[in-house]
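Worksheet for the structure shown next.
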Amino acid sequence: MRALVVTLVAVVVMAGSAVAVAQRADTSASTRARIITALTTATSPDDCGCTAATRAKDRIANRATAEASTNTKIVP
Amino acid sequence: MNARMNRQGFIALTGATSLAAFLAACGGSSSGDSDAGSSAAAGSGDTSAAAPVGFDPATEPDAPLLVFTWSGYDESPVPDGAPWMWQEYTDGPYGAKSPLKFTFLDDDTQALAKVASGFAADIIHPCGGYIQKWKEAGLIQPLDVALLPDWDGVPESLKAPGLIDGAYYHLPFDVGFTSLTYDADAVDFSKVGGEESWKILLDDRYKGQISLFNGPDEIIEYAALANRGAKDPTELTIEEIAAAKETALLMKQNVRNYWTSQNDTVNDFVNGNILITATWPDGYWKIKTHPKMKDRNIQYMQPIEGRLTWICGLVLSAASKQPGRAMLAMAAANTPAAGAAVTDNYQYASGQKAGVSELITNKELITAFGLDDPALWEPPMAWPQKAVEPYKEFIAAGQEVINA
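Protein chains in written order, with the numbering used here: chain A, 1 to 76; chain B, 1 to 404.
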C-alpha cells in the first residue's frame, strides 16, 4: 500500500514537473499538451512498460551467471 | 502478495527515477543537454510531416552520437555487448568523426521521461507499444529511409507500429514472439478442440502448473485471443475487455504465478514445477536445450488464434544535430549480418529478414523460430505488439486480474 501511495505521488509530481519542463522549453500550448499527455499516460502506475526491461535484466543476469560459472570474467 | 508489493516497489522506483530526471531538468540547468531537449520539445510541432527528409551526413558536425539503448546492445565486446550491431558504422567514414556513445534504458517509461526532460540522445531504442507515445510527445522525427540500404528487407508487418501519419518513425531491430512453451509429453489439447490454443490456459488438468508473464496488457491479450479467436488482441471494445478480464480470471485459477524474470520461469519449468509457461523465443530455447529436458518433447505453441509479436527497434531523436549520421548507424543495425547476430547471440529474431537465414550460425534456430517462414510473422499467425486500445481500460483490467 505504501508503495502504491509513493507511486501515485510520484506520478502526480512528474506531471507537474512535465508542465514545468514544457514551460521552460517555451513551447507552444499544443506541444506542451502533447508532452504532458504522453508522459502522464505512459507513467500510469498500472503500466510497468517492463517487457523489454525484463529482457534486459535477464541478459545481465545471464552474463553474471555465465561469469560466475567459470569463476572469471568471460573474455571474448 | 510479495510479488505484488515487489512489483509496486519496482514501479515506485521507476517513478522516482523518472522524477529525478524531471527535477534535474527543472532545476534551471543551462547545460547543453537540457537545451537540446528543449529544442526537441520546441521542434515537436514540426515532426508530424509525412514528407521524407533528406539528411546529408557529410555536412553534419563532428561530434559523438549518443545511443540510448538497452543493456547488451552497446559496443562492449561479446558477451557483454553487441559490437556486431554497430560495426558497419564504426568502420565507416563517420565512425571516428562521430563515435558512438551509449547510455542504457531502465524501462520504456523512464526513457521517455528522461528524453522529454532534456537528455539529448540521437538514437533511442523503444518497443512497439511506446512508439506512438514518443511521437505524440514530439520527441522523435521521421526516418530518412533512403539512408537505409536494407530497408526493403524489413516486412511491412514489423514496420506497421512505426508507421504514423504516413511516415516511418521506427526501424525494427530485435523482435520475437510471445507464446506458450509446453511439455508435449504431459500436455494435450484434447479438451480445448484438439489444436494448439490459448484456451489451454483454461484446462484445469494443469491447475498450478502454468506460469504467465506479469504484464497487464498481455494477460488481457491471451484471454482475448481465447475468447475471440484470430483477431487483433490489442484493439478491444470496452465489452470485449470486460469479457477478456473474466476469462483471464478463470485462467488465473490454473496459474501458479505471474513471472517477472524469464530466467525464473525457465528454472521453474526445468525443475518440474510447471508444464506450461509464456515465454519469448530465447526462453523456449533455454528450456528445450536444457540438459534436464533432453528426454522431453518441448514445444513452442503456434496457436490457432495466433502468437503475439513484440517489436523493438531504433528511433531518431527530434533533437539530433546529426540525423544523417544517426541514420547510418541505424543502417548498420539493419544489415543481414547484424540480424543474424541477434539470433545467434540472443535467440531473438531480427527486424531484417532478407539474407539473414544464410548467415545464422546455429541453423537449428532458423526452423525453431520460423525465421524461414514469413507467414508466421504476419496476422493471423502473429499479432504485432502496439499500443493497446483503449489504453486505460485495457491496463486496468489486466492489473485487476494480477491483483485479484
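A virtual CB, placed ideally from N, CA and C, is assigned to each residue, including glycine.
Because the structure is a prediction, the values reported are computed rather than measured.
Residue of the options minimising C-alpha distance to residue i
i         : options                                       : result
Ile304(B) : Gly324(B), Trp70(B), Ala326(B) and Pro380(B)  : Pro380(B)
Ala224(B) : Gln209(B), Ala242(B), Ala120(B) and Gly215(B) : Ala242(B)
Leu171(B) : Glu75(B), Ala329(B) and Asn345(B)             : Ala329(B)
Gln132(B) : Cys312(B), Thr247(B), Trp198(B) and Ile298(B) : Cys312(B)
Ala319(B) : Lys386(B), Ile200(B) and Ser117(B)            : Ser117(B)
Asn263(B) : Ala184(B), Ser211(B) and Gln299(B)            : Ser211(B)
Tyr94(B)  : Asp56(B), Ile287(B) and His125(B)             : Asp56(B)
Pro161(B) : Ile366(B), Lys191(B) and Cys127(B)            : Cys127(B)
Ala236(B) : Lys392(B), Ser190(B), Phe68(B) and Phe102(B)  : For clarity, residue 236(B) is Leu in the given sequence; the question names Ala instead. Cα-wise, what sits closest to Leu236(B) is Lys392(B).
Leu365(B) : Ser76(B), Val356(B), Met85(B) and Thr343(B)   : Thr343(B)
Which of helix, strand or coil DSSP assigns to residue i
i         : result
Gly27(B)  : For Gly27(B), the pLDDT reaches just 31, beneath the cut-off of 50, and the residue's location in the model is therefore unreliable, although a value from the coordinates is still provided. Residue state, collapsed to three classes: coil.
Tyr130(B) : helix
Asp183(B) : strand
Tyr168(B) : strand
Ala354(B) : coil
Ala318(B) : coil
Val401(B) : helix
Pro374(B) : helix
Glu196(B) : coil
Glu407(B) : Nothing can be reported for residue 407(B), as the shown portion of chain B is limited to 1 through 404.
Glu305(B) : coil
Gly229(B) : coil
Phe22(B)  : Confidence at Phe22(B) is low in this model, with a pLDDT of 38, below 50, so its placement is unreliable and the value that follows should be read with caution. DSSP places Phe22(B) in helix when its eight states are reduced to three.
Pro384(B) : strand
Gly215(B) : coil
Ile220(B) : helix
Val175(B) : strand
Within-8 Å CB hit, residue i to chain A
i         : result
Gly351(B) : no
Asp106(B) : yes
Trp198(B) : no
Trp377(B) : no
Trp310(B) : yes
Residue-level contact to chain B via CB, residue i, 8 Å cutoff
i        : result
Ala61(A) : yes
Ala52(A) : yes
Ala56(A) : yes
- Message: Report the start-end ranges of each alpha helix (DSSP H) in the segment 250 to 280 of chain B that is 4 residues or longer and not cut off at the edges.
- Response: 262 to 270
- alpha helix (DSSP H) segments (min. 4 residues) lying fully within the segment 44 to 120 of chain B: 83 to 90 and 108 to 116
- Task: Closer than 7 Å, Cβ to Cβ, to anything on chain A: give me those residues from the segment 70 to 104 of chain B, in chain order.
- Result: Trp70, Ser71, Gly72, Pro77, Val78, Pro79 and Asp80
- Item | Proximal residues, the segment 261 to 278 of chain B versus chain A, C-beta separation under 7 Å | Ser261, Gln262 and Asn263
- Which residues, in chain order, does the segment 212 to 223 of chain B contribute to contact with chain A at a C-beta distance below 7 Å? Gly215 and Pro216
- Query: Taking Cβ-Cβ distances below 7 Å as the criterion, which residues of the segment 281 to 295 of chain B are in contact with chain A?
  - Reply: none
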